[in-house]
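Structure record follows, encoded as structure tokens.
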Amino acid sequence: MELKIVHFYPDLMSLYGSYANVSVLRRYLETLGCTITVQPVRPGEGADIAGADFLFMGAGTERAQRFAAGDFVQYGPAVKALAEDGCAMLFAGTAMELLGASVTDKDGETYSGIGLAAFTTVQGSRRIVGDVYGSTDLYPEPVVGFMNKCGETHGVETPLLTGLTMGFGNEAEKGPEGFHWKNVFASELTGPLLVKNPRLLEAVAAAICARRGIPLPEERPAFPYAEAGYAITAEQLKLRAEAKQ
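Numbering (the working numbering), first residue to last: 1480 to 1724.
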């Protein structure tokens, strides 16, 4: 089966190792016997994203996000149509904010997102930095990651992480975080989110395969280094969270 990954702005929105999300997903799908084409989309190209099986945009600085927003708005109708059709996508870090209705920067300037959801983000001068340990309805294992943002996102009705034991959520300490609708996975967590969370990688890959009718083997691909890294991180964050209670 041939699958197409569309990677938005790989040179602009790629902080903290975000590019690794595409690499590990590609490797996972190739292990299942799929042939993967990665289509990079750069500002000003006006690319055709029809027929995509997975969309990805990683984290960028707030300045890079503002620049990306001006170009990304042209893809709004196509992204929303793909989302409605069940296409899997991951928007991480500041990219998540572009899925909402608007973003207001620290200078008070408001610019539009693509309106896939009605939530809004307001950025400020306070930077929210720290580890995150939370839960999701997708699977029983905890989600781990790192947060580095200066915005609070309001009005998310269907969060990806339903609660946090450690860290700042969309708009509050230990509150719900991210956004999830159909096969749209979005989170302000930065970096190699799918490497750090093997179960999330499985969930994204399963969504891609289900849409294309690709049967999954009973024994899924496993990457020992990632599993070991996740186990250590999850245990350490759990201990830290318990110590603070």
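From the three backbone atoms N, C-alpha and C, an ideal C-beta is built for every residue, glycine too.
| Asked | Found |
| --- | --- |
| In the structure shown, what three-state DSSP assignment does L1569 receive? | strand |
| Shortest alpha-carbon distance to G1648 belongs to which of W1660, E1714 and H1633? | H1633 |
| Can you tell me the Cβ-Cβ gap for L1639 and G1654, rounded? I've got them flagged as a contact below 8 Å. | Incorrect: roughly 12 Å between the Cβ atoms, too far for contact. |
| Output the residue ranges of the beta strand (DSSP E) runs that lie fully inside the region 1640-1696 and measure 3 residues or longer, sorted by chain position. | 1642-1645, 1658-1660 and 1663-1666 |
| Kindly identify the DSSP beta-bridge partner or partners of E1714. | Answer is none; E1714 lacks a bridge partner. |
| If you reduce the DSSP assignment to three classes, tell me which class E1636 lands in. | coil |
| So D1610 is in the beta strand (DSSP E); what residue range does that whole segment cover? | T1599 to S1614 |
| State the Cα-Cα distance for the pair Y1554 and I1593, rounded to the nearest angstrom. | 8 Å |
| Report yes if the C-beta distance between M1492 and A1567 is below 7 Å; otherwise report no. | no |
| Excluding the five sequence neighbours on either side, which residues of its own chain have a C-beta within less than 7 Å of the C-beta of V1683, listed in chain order? | L1504, A1567, L1569, F1664 and L1673 |
| Counting only the same chain and skipping the five closest in sequence on each side, list residues whose C-beta sits under 7 Å from that of S1661. | A small fix is needed here, since residue 1661 is Lys in this sequence, not Ser. A1562 and G1565. |
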